[in-house]
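In mature numbering (1 follows the signal peptide of the UniProt record, and there is no 0), the protein residues as written are -20 to -1, 1 to 137.
Even for Gly, the Cβ is constructed at its ideal location relative to N, Cα and C.
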């Protein structure tokens, strides 16, 4: 086989889709399915999914993350939220006011659990609550809560 023809065939092989993929040619390859380890993203097969999608290995495709997520591991679990939302422990993205009970919207954009002393005050006696409140006022006057957070928690005393 002449060298130019061999070179042309070698280059053509790199332009072909992965064996077993469902693709058609029309100026460029358009795929509707991919084989492992590749994933369908739009109309191409690749090894990684774009930002805002996750690898659905069962379906062999990149699937869109839920609204408000910038990264996720499934259609219901976000690992990062847009800059206006906070992530809950169960992986939802919510507004600051949507953080679950006993959590607060921390500056790291995560709904963070209140310190355990906040909880205890609600169950303690009136005298103990008063002492705890006074202690919190002293800590607040120093500029931080008992966890070292500076004005971050909005959990009720």
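Item                                                                                                          : Value
Inter-residue CB distance, residue 43 and residue 55 (contact presumed, cutoff 8 Å)                           : 6 Å
Residue from 79, 67, 77, 20 with nearest C-alpha to residue 89                                                : 67
Cβ-based burial, residue 85 [other Cβ within 10 Å; buried from 16]                                            : buried
Simplified DSSP state of residue 131, which is helix, strand or coil                                          : For residue 131, the pLDDT reaches just 48, beneath the cut-off of 50, and the residue's location in the model is therefore unreliable, although a value from the coordinates is still provided. It is coil, neither helix nor strand.
Buried versus exposed call for residue 12 [16 or more other C-beta atoms within 10 Å across all chains shown] : exposed
Cβ-based neighbour list, residue 98, same chain, cut-off 6 Å, excluding 5 preceding and 5 following           : Reliability of the predicted coordinates at residue 98 is poor, the pLDDT of 44 falling under 50, and the value obtained from them is presented with this limitation in mind. Closer than 6 Å at the Cβ level, and outside the excluded window around residue 98, lie 135.
Integer Cβ distance of residue 45 from residue 26, believed to fall under 8 Å                                 : Not really, about 17 Å apart at Cβ, beyond 8 Å.
Residue from 83, 23, 15 with nearest C-alpha to residue 9                                                     : 23
Per DSSP, cross-strand counterpart(s) of residue 60                                                           : 51
Cβ-based neighbour list, residue 118, same chain, cut-off 8 Å, excluding 5 preceding and 5 following          : Because residue 118 carries a pLDDT of 39, less than 50, the predicted location of this residue cannot be relied on, and the following value inherits that uncertainty. For residue 118, where only same-chain residues beyond five positions count, there are no Cβ hits under 8 Å.
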